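According to our numbering, the sequence shown is numbered sequentially starting from 1.
Yeah, the Cβ is synthetic: ideal placement off N, Cα and C, and Gly gets one too.
In this text the structure is predicted, and so the values were computed from the model without any measurement.
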Amino acid sequence: MRTVFVNHCHPATPHVCATRMREFAAALAALGHEVVLLTEVLDGQTGSTDIGKKIRDHDFKQPLYVAIEPKRHPMIKRLRERSLPAGLRQAVVVWHYFKHKGVFTDWRTGSQSAVQEIAEHFKPDLVWASFGNTDCWNIARDLAKIAACPWVADLKDLWSNFIPAPFQKFLSRHFDDCAALTTFSEFHSKDARRWFSAAPHVIYSGFPGDALTRSPDLPSEKQRTICLTGAIYDQVALGNLMAGIRSWVLELDEQTKADLHLVYAGHDCTEVEQAASMLAGLCKVDIKGYLPIEELREIQQSAIANLYIKNDSTFHHKTIEMLSSGRPLICYPAETEEAIEIAGTTNVPLHSCTSPGEIATALQESLNFIAVEVMNDAGLQNFTWEVQVQKLADLFQNVLDRTENKIHAQ
């Protein structure tokens, strides 16, 4: 099977927006399929050239990355730079959604020659495109039309949250020609059913299977760590989380306090540093910022517990990622039923907390929690990239079979 994946974020982007398509591209290639991942360039870099030659020469044991430079449409560039006055900014958004069905028109324009070369030299069987923004889907449709192949839409973000209300129905009708629809979670599927006729198929983003090759050790008594991971969506929630940590720390013996570290891994360093001031003199605070997944996993596997702030408007991939650590998870505010059910299929506890007091209790319960034997946890095995990509490949094959049957029926 030859597939093209379309995602706005370059695979080397140090942000979760790059993760899903990058990891599924690699996992699908590992199954023996040929994959091209088409994205925008990283800032300051140039786009891919001689794409036809790259396709001919590439060893498709790994995906081929094709990066596109945006072209023309200076008003769109100024829109993203937030340098347009308010009235003009709204007019540009309305015009581009109405006329071009997206607001990354410069990237789509820049992709046109690459789309032609990919269609000619790669001859894809299918295109899969992530919503992030509608121009991923526009590019997928452009390519699918030239290559005479089906395209499959992926919703990793919620349509209701990311598309302005006046355009939600207008645009969903435009993109309703997708051959199938995948979603990030059942939470996303529920939203998708409001807008699209295609039945949504949940394909969870996962974690590498090799994360389960070694069960975590008990946290070291010489350096006890609690790890807070990811974006901080709500300053009040962050304050309550810190209050729960403080309440717990105040009840610890002096030696445990002296050995305790709070580690933060994520982009919101300033917010966490300010909120953690209430822990001054009680424990060490280490603000690390965004970390490569391997380094982050090592910290999470040795932590007393892994904490995160819940965003009520979405489902978190990091919940699944952190379950693979084998250490207790503590979420505030309370998690969705879907996340709780997923955790319930594993042996890793998920504490879904509604108050600082519950956070303190969860931390105390986690302090002496015996590590889960992740290698033998059947529930965790279901959420590796390797298992989830097989579901994706089966869906793609089903789309191709249906397409072939339609051709024969004509």
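Starting from the N-terminal side, write out each stretch of the beta strand (DSSP E) that is 3 residues or longer and does not extend beyond the segment 48–109.
-> 64–68
Residue from Ser185, Tyr233, Phe196 with nearest C-alpha to Arg173 = Start at 1 with the first residue of the sequence shown, and residue 173 comes out as number 173. When each option's Cα is compared against that of Arg173, the closest is Phe196.
Decide yes or no for the touch test of the segment 116–130 against the segment 139–151: beta carbon pairs closer than 8 angstroms, at least 3 of them.
-> yes
Look at the Cβ atom of Thr314, then the Cβ atom of Leu329, and state whether they are nearer than 8 angstroms.
-> Counting from one through the sequence shown, the residue named residue 314 turns up at place 314. Counting from one through the sequence shown, the residue named residue 329 turns up at place 329. Result no, Cβ atoms of Thr314 and Leu329 do not sit closer than 8 angstroms.
Considering only residues of the same chain and omitting the five flanking positions on each side of Arg56, which have a CB-CB separation below 7 angstroms?
-> For the purposes of this step, residue 56 is identified with residue 56 of the sequence shown, where counting begins at 1. His121.
Going by the CB atoms, is the gap between Val249 and Leu238 shorter than 8 angstroms?
-> Numbered from its first residue, the sequence shown carries residue 238 at position 238. Numbered from its first residue, the sequence shown carries residue 249 at position 249. Note that the C-beta distance between Leu238 and Val249 is not below 8 angstroms.
Alpha carbon to alpha carbon, what distance is there between Lys257 and Leu282?
-> In the sequence shown, counting from the first residue as 1, residue 282 sits at position 282. In the sequence shown, counting from the first residue as 1, residue 257 sits at position 257. Between Leu282 and Lys257, the C-alpha separation is close to 7 angstroms.
Per DSSP, which one or two residues make a beta bridge with Pro124?
-> On the sequence shown, position 124 is the one that residue 124 refers to. In DSSP, Pro124 forms no bridge with anything.
Ala118 versus Phe170: straight-line alpha-carbon distance, rounded = Residue numbering aside, residue 118 sits at position 118 when the sequence shown is read from its first letter. Residue numbering aside, residue 170 sits at position 170 when the sequence shown is read from its first letter. The sequence shown places Ile at residue 118, rather than the Ala named in the question. In a straight line, the C-alpha of Ile118 is about 29 angstroms away from that of Phe170.
Would you give the residue range spanned by the beta strand (DSSP E) that Ile370 belongs to?
-> The residue you call residue 370 lines up with position 370 of the sequence shown. No beta strand (DSSP E) holds Ile370; DSSP gives it neither H nor E.
Could you name the residues of the same chain whose beta carbon sits closer than 7 angstroms to that of Lys123, not counting the 5 residues immediately before and after it, in chain order?
-> To locate residue 123, count along the sequence shown from 1; it is residue 123. Excluding sequence neighbours, Lys123 sits near Arg2, Ala147.
Within the same chain, show all residues whose beta-carbon is closer than 7 angstroms to that of Asp191, passing over the 5 residues directly before and after it, in chain order.
-> Translated into the one-based positions of the sequence shown, residue 191 becomes position 191. Only Leu158, Trp159, Ser160 meet the Cβ criterion.
Beta carbon of Gly206 nearer than 8 angstroms to that of Thr403 | Counted from its first residue, the sequence shown places residue 206 at position 206. Counted from its first residue, the sequence shown places residue 403 at position 403. Going by C-beta atoms, Gly206 is not nearer than 8 angstroms to Thr403.
Could you name the residues that DSSP lists as bridge partners for Lys284?
-> Position 284 of the sequence shown, counted from the first residue, corresponds to residue 284. Answer is His261.
Grouping DSSP H, G and I as helix and E and B as strand, with all else coil, what is Pro166?
-> As a first step, residue 166 is located in the sequence shown; it is residue number 166 there, counting from the start. Looking at Pro166 - three-state DSSP - the assignment turns out to be helix.
Asn376: buried (16+ other C-beta within 10 angstroms of its C-beta) or exposed?
-> Reading the sequence shown from its first residue, position 376 is the one you call residue 376. So Asn376 counts as exposed.
6 angstroms Cβ shell around Val6 - same chain, five flanking residues per side excluded | What you label residue 6 is simply residue 6 of the sequence shown in a count that begins at 1. Counting only Cβ-Cβ distances below 6 angstroms, and skipping sequence neighbours, we find Leu38, Ala129, Cys136, Ile139, Ala140.
With 16 as the cutoff for other CB atoms within 10 Å, does Ile370 come out buried or exposed?
-> Indexing the sequence shown from 1 puts residue 370 at position 370. With fewer than 16 Cβ atoms within 10 Å of its Cβ, Ile370 is classed as exposed.
In terms of DSSP beta bridges, what is Ala180 paired with?
-> For this step, residue 180 is matched to residue 180 along the sequence shown. Per DSSP, the beta bridge partners of Ala180 are Val152.
Nearest-angstrom Cα distance between Thr49 and Gln116?
-> The residue given as residue 49 occupies position 49 in the sequence shown. The residue given as residue 116 occupies position 116 in the sequence shown. Computed Cα separation, rounded: 13 angstroms.
Bridge partner(s) assigned by DSSP for Thr225 = The residue labelled residue 225 in the question sits at position 225 within the sequence shown. Looking at the DSSP output, Thr225 sits in a beta bridge with His261.
For Ile76, which residues from the same chain have a beta carbon less than 6 angstroms from its beta carbon, with the 5 sequence-adjacent residues on both sides left out?
-> The count along the sequence shown starts at 1 and reaches residue 76 at position 76. The answer, listed in chain order, is Thr105, Asp106.
Enumerate in chain order the residues of its own chain whose CB-to-CB distance from Phe184 is below 6 angstroms, with the five nearest sequence positions on each side excluded.
-> Position 184 of the sequence shown, counting from 1, holds the residue named residue 184. Contacts found: Lys156.
Have a look at Glu338, Leu241, Ala199 and flag the residue whose alpha-carbon is nearest the alpha-carbon of Asn306.
-> Position 306 of the sequence shown holds residue 306. It is Leu241.
Specify, as a first and last residue, the run of the alpha helix (DSSP H) that Leu296 falls within.
-> Walking along the sequence shown from the start, residue 296 turns up at place 296. Per DSSP, Leu296 belongs to the alpha helix (DSSP H) from 293–301.
For Thr346, which residues of its own chain have a beta-carbon under 8 angstroms away from its beta-carbon, when the five flanking residues on both sides are left out?
-> Along the sequence shown, read from residue 1 onward, the residue named residue 346 stands at position 346. Answer for Thr346: Leu323, Val372, Asp377, Gly379, Leu380, listed in chain order.
In whole angstroms, what separates the C-alpha of His439 from that of Asp142?
-> Any property of residue 439 remains undetermined from this structure, which presents the chain solely from 1 to 410.
Can you give, in chain order, each stretch of the alpha helix (DSSP H) that sits fully within the segment 296–360 and has at least 4 residues?
-> Listed in chain order, the alpha helix (DSSP H) elements of length 4 or more contained wholly in the segment 296–360 are 317–323, 337–344.
Taking the runs of the alpha helix (DSSP H) that are 4 residues or longer, which of them lie wholly in the segment 19–51?
-> The qualifying runs are 19–30.
If you drop the 5 nearest sequence neighbours on each side, which residues of the same chain put their C-beta closer than 7 angstroms to that of Lys101?
-> Position 101 of the sequence shown, counting from 1, holds the residue named residue 101. Contacts found: Thr134, Asn138, Leu171, His174.
Between which two residues does the beta strand (DSSP E) containing Val202 stretch?
-> The count along the sequence shown starts at 1 and reaches residue 202 at position 202. From DSSP, the beta strand (DSSP E) with Val202 extends over 200–202.
Same chain, Cβ closer than 6 angstroms to Gly47, five either side skipped, listed in chain order = Translated into the one-based positions of the sequence shown, residue 47 becomes position 47. Val41, Ala67, Ile68, Glu69.
Please report how far the alpha carbon of Asn398 lies from the alpha carbon of Val387, in whole angstroms.
-> The count along the sequence shown starts at 1 and reaches residue 398 at position 398. The count along the sequence shown starts at 1 and reaches residue 387 at position 387. Whole-angstrom Cα-Cα distance: 17 angstroms.
Can you tell me whether DSSP reads Phe396 as helix, strand or coil?
-> Residue mapping note: residue 396 aligns to position 396 of the sequence shown, counting from 1. In this structure, Phe396 counts as helix in the three-state DSSP scheme.
Proximal residues to Cys269 (C-beta, below 7 angstroms), its chain only, five neighbours per side dropped | By 1-based counting over the sequence shown, the position of residue 269 is 269. Here the set comprises Ile287, Gly289.
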